[in-house]
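To start, the structure under review is shown below, and the notes come after it.
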Amino acid sequence: MEHRVRLGRSELKVSPICYGSWQLSPRFWGDVPTDQVAAAMRHAFEVGVNFYDTADAYGDGLSERVMGEALADLPRDEIVVATKVYNRFYDDGRRHPDLSGQYVLDECDASLKRLKMDYLDLYQLHSFDPLTHLAETTAALEKLLKAGKIRRYGLSNYTVEQIRWARTFGDYATLQPRYSLLQTGIEDDLLPYCEAEDIGVLVYSPLERGLLTGKYDGTETFDDHRAGLGVFQGERFK
370 MEHRVRLGRS ELKVSPICYG SWQLSPRFWG DVPTDQVAAA MRHAFEVGVN FYDTADAYGD
430 GLSERVMGEA LADLPRDEIV VATKVYNRFY DDGRRHPDLS GQYVLDECDA SLKRLKMDYL
490 DLYQLHSFDP LTHLAETTAA LEKLLKAGKI RRYGLSNYTV EQIRWARTFG DYATLQPRYS
550 LLQTGIEDDL LPYCEAEDIG VLVYSPLERG LLTGKYDGTE TFDDHRAGLG VFQGERFK
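In my numbering, the protein residues as written are 370 to 607.
Written out as structure tokens, the structure reads:
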């Protein structure tokens, strides 16, 4: 799989498949063997994947640390690494939205340290922060861009209206929304808007948390967050 596509109007050229790493979030997925995940990340590169997505929120930094170790020996200029920022974390497990300028600057440095990298190819706002004006957040992203710490910045989980507003402050190049055969709402407005504006789209949960892989027969039970999801229960699951 050596085919590469341009991510929107950015200069980032990525494989059609992106390696997502939400599974390294114990609060959602339980304790996943990190050595197996790291091996899968490296194998993905061997078969042609060059695009990796993570977030500081995944395991409160665990996902970034594992990815940093797994990709350490790969040619940096041959991979595209994306991460996200949104919540401020506390030792007691609490978290709350914080896209204030200083926090974005500090957390980018923290993500770079965990990933063992000098720069990020794509830095995304994980969700909309109702407490911080986007002008302040975008100004921080521009500082990171000019400092060479990020190549592009983008959005995740934003509505069309929020994207339009965000783009009045800066050049948000990408959007990461949820999308699968069971979650097609973005086809109504988000996808047409992004196509018209040449905004790169990288979707998450395309296999609907494993439901669409064909590996389940409807008799399974789960001890992770899927236990509380209706699509994994009863007749809907079968």
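Backbone N, C-alpha and C define an ideal beta-carbon position, used for all residues, glycine too. Here the structure is a predicted model, which is why all the values come from computation and not from measurement.
According to the neighbour-count rule (16 or more other Cβ atoms, all chains shown, within 10 Å of its Cβ), is residue i buried or exposed?
i: residue 405; result: exposed
i: residue 495; result: buried
i: residue 556; result: exposed
i: residue 374; result: exposed
What are the boundary residues of the beta strand (DSSP E) that includes residue i?
i: residue 450; result: 449–454
i: residue 498; result: Looking at the DSSP string, residue 498 is not in any beta strand (DSSP E), and its letter there is neither H nor E.
Could you check what DSSP says for residue i in three-state terms: helix, strand or coil?
i: residue 489; result: strand
i: residue 480; result: helix
i: residue 470; result: helix
i: residue 549; result: strand
i: residue 434; result: helix
i: residue 422; result: strand
i: residue 554; result: helix
i: residue 383; result: strand
i: residue 543; result: strand
Can you name, in chain order, every residue of its own chain whose Cβ lies under 6 Å from the Cβ of residue i, other than the five neighbours on each side?
i: residue 562; result: 529
i: residue 570; result: 544, 563
Assuming contact is defined by CB atoms lying nearer than 7 Å, are residue i and residue j in contact in what I supplied?
i: residue 523; j: residue 493; result: yes
i: residue 449; j: residue 490; result: yes
i: residue 433; j: residue 483; result: yes
i: residue 417; j: residue 395; result: no
Using C-beta distances below 7 Å, list every residue in its chain close to residue i, excluding the 5 sequence neighbours before and after it, in chain order.
i: residue 540; result: none
i: residue 473; result: 454, 506, 509, 510
Taking the alpha helix (DSSP H) that residue i belongs to, which residues open and close that run?
i: residue 513; result: 503–515
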